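Q: If you scroll down you'll find the structure; I have some questions about it.
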Amino acid sequence: MKLWYKLLFICFVFLLILFAGDAIQANLRDISKPFFRSSYRMGSIVAEVWEVFFSSRARIDEIRHLRVKNAELEARVALGAETEKENRILRAALGREIHPVTYIYARIIGISYARMDGVLLIDAGMEEGIRPGMVVLANEGTIQIGTVAETASHTAAILLLSRAGSKTNVYAPESGISAVANGIGGGIFEIHVPASIPVREGEPLFSVGPPDFVIGYIEQIEKSDAGPFQVARIGHPIVLADVRRVFI
Numbered sequence: 009m010k011l012w013y014k015l016l017f018i019c020f021v022f023l024l025i026l027f028a029g030d031a032i033q034a035n036l037r038d039i040s041k042p043f044f045r046s047s048y049r050m051g052s053i054v055a056e057v058w059e060v061f062f063s064s065r066a067r068i069d070e071i072r073h074l075r076v077k078n079a080e081l082e083a084r085v086a087l088g089a090e091t092e093k094e095n096r097i098l099r100a101a102l103g104r105e106i107h108p109v110t111y112i113y114a115r116i117i118g119i120s121y122a123r124m125d126g127v128l129l130i131d132a133g134m135e136e137g138i139r140p141g142m143v144v145l146a147n148e149g150t151i152q153i154g155t156v157a158e159t160a161s162h163t164a165a166i167l168l169l170s171r172a173g174s175k176t177n178v179y180a181p182e183s184g185i186s187a188v189a190n191g192i193g194g195g196i197f198e199i200h201v202p203a204s205i206p207v208r209e210g211e212p213l214f215s216v217g218p219p220d221f222v223i224g225y226i227e228q229i230e231k232s233d234a235g236p237f238q239v240a241r242i243g244h245p246i247v248l249a250d251v252r253r254v255f256i
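Start counting the sequence shown at 9; every next residue gets the next number (the numbering used here).
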């Protein structure tokens, strides 16, 4: 008898699920919705808190890194200002202060071969502010090639430093030598250096300023086993025949 009741109960439950399953499922969904919504909201809150926590840590680390970089830059600026101050004091003590320079632009309008190695003629003179003894530069004002010898109203004659018989005081910072460069023509100079001082090909030589300008580079070194000197030949880093304009 009990077995019969159990079978009837099972059949009833089966029929109930079969015919009323959709309604039951709908009721279950309605009942569970608040729980799912609460879980979703709680998850969103946890995610936001997590993001804020870690993003704040990242921002703090970034701010700390930027502060360190800013301190480094401030230290470099202070060091640079102090170094510049020391350089100004040193230049003033040595009488080598740097002053702003305004150059006069001129074109080469002629070459005179009346003298050895030639004399350049430019289209600027006394009216443009040109005076005898002024330095003449080529290659956009970086290389000294001569000095003003004579001036007229709107023209001037330039003597090249490399002309035969010319003498120019020069120095080489790398080897620490000071010498007199003798012009031999064709854009070439010669200097005599003690054999005990090492010099190298390609070493730059500068005029004795201030200001100091590049004269040329050592192209060849001749050494003598018996003599106390070595001869270094210096050439301009440009071809004088190709120069079309100068700065004075």
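C-beta atoms are modelled at their ideal positions from N, C-alpha and C, and glycine is treated no differently. Since the model is a prediction, treat every value here as computed from it, not as a measurement.
(1) Can you check which of these residues, V143, S161, I192, is closest to A172 by C-alpha distance?
(2) Tell me which residue opens and which closes the beta strand (DSSP E) that H200 is part of.
(3) Between the C-alpha atoms of V127 and E82, what's the straight-line distance to the nearest angstrom?
(4) Taking 8 Å as the threshold, find out whether the segment 208 to 219 comes into contact with the segment 230 to 237 through three or more Cβ pairs.
(5) Tell me which residues share the same chain as G133 and place their Cβ nearer than 6 Å to its Cβ, disregarding the 5 neighbours each side in the sequence.
(6) Output yes or no for whether 8 Å exceeds the beta carbon distance between V247 and E198.
(7) For P140, I'd like the list of residues in its chain whose CB is within less than 7 Å of its CB, leaving aside the five on either flank, ordered along the chain.
(8) If you draw a straight line from the C-alpha of I151 to the C-alpha of P245, how long is it?
(9) Can you tell me whether V188 is buried or exposed? The criterion is at least 16 other CB atoms within 10 Å of its CB, across all chains shown.
(10) Who are the near neighbours of G243 in its chain, counting only those whose CB is closer than 7 Å to its CB and skipping five residues on each side?
(11) Quick one: what does DSSP say L169 is sitting in, helix, strand or coil?
A: Reading from the atomic positions:
(1) Looking up residue 172 in the sequence shown gives position 164. Considering only alpha carbons, the answer is I192.
(2) Reading the sequence shown from its first residue, position 192 is the one you call residue 200. Looking at the DSSP string, the run of the beta strand (DSSP E) that includes H200 is 196 to 202.
(3) The residue you call residue 127 lines up with position 119 of the sequence shown. The residue you call residue 82 lines up with position 74 of the sequence shown. Counting only the Cα atoms, E82 lies some 53 Å from V127.
(4) Touching, no, given that fewer than three Cβ pairs across the two stretches are closer than 8 Å.
(5) Taking the first residue of the sequence shown as position 1, residue 133 is located at position 125. The answer, listed in chain order, is T159, A160, S161, H162, T163, A164.
(6) Against the sequence shown, residue 247 aligns to sequence position 239. Against the sequence shown, residue 198 aligns to sequence position 190. The answer is no: Cβ separation not under 8 Å.
(7) The residue given as residue 140 occupies position 132 in the sequence shown. Here the set comprises V156, A157, E158, T159.
(8) Numbered from its first residue, the sequence shown carries residue 151 at position 143. Numbered from its first residue, the sequence shown carries residue 245 at position 237. Rounded to whole angstroms, the separation of the alpha carbons of P245 and I151 is 8 Å.
(9) Your numbering for residue 188 matches position 180 in the sequence shown. Under this definition V188 is an exposed residue.
(10) The sequence position of residue 243 within the sequence shown is 235, counting from 1. Contacts found: G195, I196, G224, Y225, E227.
(11) In the sequence shown, residue 169 corresponds to position 161, counting from 1. Here L169 sits in coil by DSSP.
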